[in-house]
Amino acid sequence: MTTLGIYLIGINILTFLIYGADKWKARRDRWRIPEDTLIWMAIVGGSIGALLAMYLFRHKIRDRKFTLGVPAIIAVQVAVYYFFLR
Numbered sequence: 545m546t547t548l549g550i551y552l553i554g555i556n557i558l559t560f561l562i563y564g565a566d567k568w569k570a571r572r573d574r575w576r577i578p579e580d581t582l583i584w585m586a587i588v589g590g591s592i593g594a595l596l597a598m599y600l601f602r603h604k605i606r607d608r609k610f611t612l613g614v615p616a617i618i619a620v621q622v623a624v625y626y627f628f629l630r
C-alpha cells in the first residue's frame with residue numbers, strides 16, 4: 545500500500561467519525577463542528593467518508609452545500625487522480 549493510499553484511508557475514517565460526532569452533537573444541542581471544517585475534511589481527501597456518513601447518519605442531507613458539494617468534490621478528486629496520479 546502506498547503512502548497516498550494509507551493517507552486516504554485514514555482521512556476518510558477520520559472524516560466519517562467527525563461527521564458522526566457532529567450529528568451526535570446536533571441531537572443533543574451541543575457545540576457543533578463548523579460546516580467549513582466538515583467541507584474542508586472532504587476537500588483534503590475525506591470525501592468518500594463524508595458521503596457515507598451523510599447518508600448513514602442522515603446528516604446534512606437537506607443542505608445543498610453538502611448534497612451537491614461533496615459529490616462534486618469526489619468528481620474533482622477522481623479527475624485529478626485519473627489525469628495526474630495514475
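Going by the numbering used here, the first residue of the sequence shown is number 545, and it counts up by one from there.
For every residue, glycine included, the Cβ atom is placed at its ideal position computed from N, Cα and C.
TODO: Check each candidate in G589, R571, D566 and name the one with the smallest Cα separation from P578.
DONE: By one-based count along the sequence shown, residue 578 stands at place 34. Checked all of G589, R571, D566; the closest Cα to P578 is D566.
Open item on the list: Please return the same chain residues whose Cβ sits closer than 6 Å to the Cβ of K569, not counting the five positions on each side in sequence.
Closed with: Start at 1 with the first residue of the sequence shown, and residue 569 comes out as number 25. Here the set comprises R576.
Task: Nearest neighbour of I562, chosen from Y625, R630, W584, F628 [CA to CA] - done: Looking up residue 562 in the sequence shown gives position 18. For the residues Y625, R630, W584, F628, the minimum Cα distance to I562 belongs to W584.
- [ ] Please confirm whether L595 and V624 have their CB atoms less than 7 Å apart.
- [x] In the sequence shown, the residue the question calls residue 595 occupies position 51. In the sequence shown, the residue the question calls residue 624 occupies position 80. Contact flag unset, no.
Task: Option nearest D580 by Cα separation, candidates D607, F628, G549, V620 - done: The residue you call residue 580 lines up with position 36 of the sequence shown. Ranking D607, F628, G549, V620 by Cα distance to D580 puts D607 first.
Open item on the list: Measuring alpha carbon to alpha carbon, tell me which residue in M545, T546, S591 is nearest I557.
Closed with: Position 13 of the sequence shown, counting from 1, holds the residue named residue 557. Nearest C-alpha to I557: S591.
Open item on the list: To the nearest angstrom, how far is the alpha carbon of K604 from that of I617?
Closed with: On the sequence shown, position 60 is the one that residue 604 refers to. On the sequence shown, position 73 is the one that residue 617 refers to. Going from the Cα of K604 to the Cα of I617 covers about 15 Å.
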